[in-house]
Amino acid sequence: MFFIFGLGNPGKKYKYTRHNLGFWVVEEMAKKYGVSFWRRRCFSRMAVIPRVFPQPVALVKPQTFMNLSGRALFCFQEKYRFSVDKILVICDDLNIPAGFIRFKARGSSGGHKGLGSIISALNTEEFPRLRVGIGPVTEGFSYEEFVLQELTSEEVEIYREVTAHAVSAVEIFITAGIEKVMAEYNRRKLI
Numbered sequence: 009m010f011f012i013f014g015l016g017n018p019g020k021k022y023k024y025t026r027h028n029l030g031f032w033v034v035e036e037m038a039k040k041y042g043v044s045f046w047r048r049r050c051f052s053r054m055a056v057i058p059r060v061f062p063q064p065v066a067l068v069k070p071q072t073f074m075n076l077s078g079r080a081l082f083c084f085q086e087k088y089r090f091s092v093d094k095i096l097v098i099c100d101d102l103n104i105p106a107g108f109i110r111f112k113a114r115g116s117s118g119g120h121k122g123l124g125s126i127i128s129a130l131n132t133e134e135f136p137r138l139r140v141g142i143g144p145v146t147e148g149f150s151y152e153e154f155v156l157q158e159l160t161s162e163e164v165e166i167y168r169e170v171t172a173h174a175v176s177a178v179e180i181f182i183t184a185g186i187e188k189v190m191a192e193y194n195r196r197k198l199i
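Mapping to the working numbering: the sequence shown position 28 is 36, numbers consecutive.
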């Protein structure tokens, strides 16, 4: 089984914030493949796409809040004993301009507390991630205020378009691997 972890914060209050774009991507994949997040596992909601890809794909939305995401991933790793090449973590990134997505095979948290929690819990930086650009920070806002700020209706439409591209990119990642999807998406402006 392949696990795709979309990071975000649970609850209606956070649904339309930049910090929840990881949730948006896995929710859009679930919608596309007609599966729902009804399973509760490891402090998370999970949906499984059973027969579309070479192996089943679990879409996971940790319910621990962003900064404790590692708790959920550690639980999944203990329960399912997957190797880190069988996961993809999706999160927002302030250092990438809005309209871009970037895949990385490994690396530091880059200051992202959700990624930092996962790195700490799994005791490795060696896992692939998809970072959805949300930068630059609007003048007058702290980083925390910016990522948790409710999106305008115009921004929602922009990020919906980015999310659709991200879903296509995740499908390529699952079927063709990290190198292929990096070559196709990492330098491309999506909108």
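By construction, the Cβ of each residue, glycine as well, lies at the ideal position given by its N, Cα and C atoms.
Decide if residue i is buried, meaning its Cβ has at least 16 other Cβ atoms within 10 Å, or exposed.
| i | result |
| --- | --- |
| S77 | buried |
| S52 | buried |
| V164 | exposed |
| T72 | buried |
| I199 | exposed |
| P136 | buried |
| G141 | buried |
Alpha carbon to alpha carbon, how far is residue j from residue i? Give it in angstroms, no decimals.
| i | j | result |
| --- | --- | --- |
| G30 | F11 | 13 Å |
| I104 | F111 | 11 Å |
| S150 | A38 | 33 Å |
| E192 | K21 | 34 Å |
| S125 | F13 | 13 Å |
| I186 | T132 | 18 Å |
| L96 | W32 | 15 Å |
| R26 | V155 | 5 Å |
| R49 | L123 | 20 Å |
| L81 | A55 | 15 Å |
| V92 | I127 | 11 Å |
| E134 | K94 | 11 Å |
| G143 | G19 | 23 Å |
| G118 | G148 | 22 Å |
| G42 | I57 | 8 Å |
From the options, pick the residue whose C-alpha is nearest to that of residue i; which is it?
| i | options | result |
| --- | --- | --- |
| V68 | V170, V60, N17 | N17 |
| L138 | Q157, N131, A174, K20 | A174 |
| L159 | K87, I57, N28 | N28 |
| R47 | G148, Q157, A66 | A66 |
| M9 | G19, G42, Q63, K40 | Q63 |
Which same chain residues end up closer than 7 Å to residue i when comparing Cβ atoms and leaving out the 5 residues on each side of it in sequence?
| i | result |
| --- | --- |
| H120 | C99, D101 |
| K23 | none |
| R59 | none |
| K197 | G107, F108 |
| I180 | K188, V189, E192 |
| S4 | Nothing about residue 4 can be read from this structure; the chain reaches only from 9 to 199. |
So what does residue i bridge to, in DSSP terms?
| i | result |
| --- | --- |
| D100 | V140 |
| P105 | G143 |
| T25 | E158 |
| M54 | R47, V68 |
| K112 | R137 |
| I127 | For I127, which the question treats as bridged, DSSP gives no partner whatsoever. |
| F10 | V65 |
| I95 | F11 |
Just to confirm my understanding: we take residue i, look at its own chain, exclude 5 residues before and 5 after, and list those with CB closer than 8 Å. What are they?
| i | result |
| --- | --- |
| R79 | F51, P70, T72, S125, A129 |
| R169 | Per the sequence presented here, residue 169 reads as Glu, with Arg not at that position. Excluding positions up to five away in sequence, the list reads L198, I199. |
| V145 | L102, Y151, F154 |
| A177 | I109, F111, L138, V189, E192, Y193 |
For residue i, which residues from the same chain have a beta carbon less than 6 Å from its beta carbon, with the 5 sequence-adjacent residues on both sides left out?
| i | result |
| --- | --- |
| F61 | I182 |
| T171 | W32, V33, E36 |
| G84 | It is worth fixing the name first, because residue 84 is Phe in this sequence and not Gly. If we look at F84 and ignore the five residues flanking it on each side, its Cβ neighbours are C50. |
| A113 | P136, I186 |
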